[in-house]
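Data block below; observations after.
Residue numbers (this note's numbering): 14 to 386.
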């Protein structure tokens, strides 16, 4: 048997563990157009899988379903490569989320293009998991998520709110319009900051292009939606120190982030290179340790399964808008973006990652806090 044939046979044996057939007829089966795919994947793991897909070397009609099968079977754990080891060591030894590196993800990802995110995210520019408990559309589910946050924080007219990692300002905008608060938002994306200021024009909202470590003023409530994934384990304690320093003694804070209930995660080489540089998913144990002696956990809410539906809505929006977006972004970018959204949907469909909303108080709410759902 030739080396290429041996690699193909090994690939088929691994895929069979996930119920996937090479060249099969099911939507989740893998169709390989370039035989070099096998060597590339076995040499470089997820990086090779993603780059070969971007180059058009393989296809799956139901890409999210393909990833859900792969991840549910955990066959990906058989593809640990030097790239994975290198990324893990760098994340463990270096602090890639402080100083100049803290701004990398803003420049590479969030400053990509307003037209892309506007088409993908829908009416509200909210780049985080929607809440589908009683919603049927993406716009309704995102509004339900924003309202859930406001209700969990018990926002009242006249209160002052801090949003750490405010994105395009939609959470503060919603809170100001519906709950009568004022607020401050900080982001490390110049494009987001400019757009957030425009969206919040006429409201008592200030948006700053600023590193959250510099914050040192008091607020009645703090929220942070979808930025903790960029903080890094070496900075979790510092993040909670900042939140503790800035929150009034009787205030509440809400952390909304992707998380893992298994051991501390390893950065993914493909995601690191093409999507979110210097980012890593926190483990429950890391968050719990960083909270010690800083906050009382009033509630820890997991609705990670809702992220699958959110990502599928984003993918559908991008596909529908591609006739227009394709005038600016090339085919390799389209395949990169599809790989990113489809793989992410597979991650949450397989329940490998979770979505947490953690509600915190500095000293504990007297009598306890009844948190809405």
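Every residue, glycine too, gets a C-beta built ideally from N, C-alpha and C.
As assigned by DSSP and simplified to three states, the class of residue 197
strand
Using the DSSP secondary-structure output, state which residues sit across from residue 224 in a beta bridge.
Beta-bridge pairing links residue 224 to no other residue.
Just tell me which of 372, 217, 309 has its CA closest to the CA of residue 5.
Absent from the structure is residue 5, since the part of the chain shown begins at 14 and ends at 386.
Extent of the continuous alpha helix (DSSP H) to which residue 346 belongs
344 to 362
Would you report the Cα separation of residue 162 and residue 218, rounded to the nearest angstrom?
17 angstroms
Sorted by chain position, which residues of the same chain lie with C-beta nearer than 6 angstroms to residue 326's C-beta, five sequence neighbours on each side aside?
151
Between the Cα of residue 182 and the Cα atoms of 172, 195, 282, which residue gives the shortest distance?
195
Suppose the cutoff is 6 angstroms on Cβ atoms and the five residues either side in sequence are ignored; what does the same chain contact list for residue 352 look like?
Excluding positions up to five away in sequence, the list reads 63, 66.
Residue from 369, 382, 383, 359 with nearest C-alpha to residue 144:
369
For residue 203 and residue 222, which I take to be in contact (beta-carbon distance under 8 angstroms), what is that distance rounded to the nearest angstrom?
Their Cβ separation, rounded to whole angstroms, is 6 angstroms, which keeps residue 203 and residue 222 in contact under 8 angstroms.
Tell me, to the nearest whole angstrom, how far the beta carbon of residue 73 is from that of residue 42; I am working on the premise that it is less than 8 angstroms.
7 angstroms
Taking 8 angstroms as the cut-off, does the segment 228 to 242 touch the segment 167 to 179 (at least 3 CB pairs, one atom from each stretch)?
yes
Terminal residues of the continuous beta strand (DSSP E) containing residue 311?
309 to 315
Distance check for residue 160 and residue 316, CA to CA, integer angstroms please.
15 angstroms
CA-to-CA distance, residue 33 to residue 61, given in whole angstroms
19 angstroms
Could you give the C-beta distance for residue 237 and residue 308, rounded to a whole number, given that I count them as a contact under 8 angstroms?
Not really, about 13 angstroms apart at Cβ, beyond 8 angstroms.
Based on the DSSP output, what are the partners of residue 270 in its beta bridges?
369
Which residue comes first and which comes last in the alpha helix (DSSP H) that contains residue 332?
It spans 318 to 338 - the alpha helix (DSSP H) in which residue 332 sits, taken as one unbroken run.
Does any residue of chain D bring its CB to less than 8 angstroms from the CB of residue 183?
Among the chains in the structure shown there is no chain D, since it carries only a single protein chain.
Under DSSP, the alpha helix (DSSP H) around residue 253 begins and ends at which residues?
Here the alpha helix (DSSP H) through residue 253 covers 249 to 259.
With DSSP collapsed to three states, give me the class of residue 289.
coil
Identify whether residue 282 lies in helix, strand or coil by the three-state DSSP scheme.
helix
Is residue 300 helix, strand or coil by DSSP?
helix
Got a sec? Which residues, its chain only, sit under 6 angstroms from residue 24 by beta carbon, not counting five neighbours each side?
51
Sub-8 angstroms separation of residue 338 and residue 354 beta-carbons
no
When you compare only the Cα positions, how much space is there between residue 153 and residue 133?
15 angstroms
Does the Cβ-Cβ distance between residue 173 and residue 233 come in under 8 angstroms?
Between residue 173 and residue 233, the C-beta spacing is below 8 angstroms.
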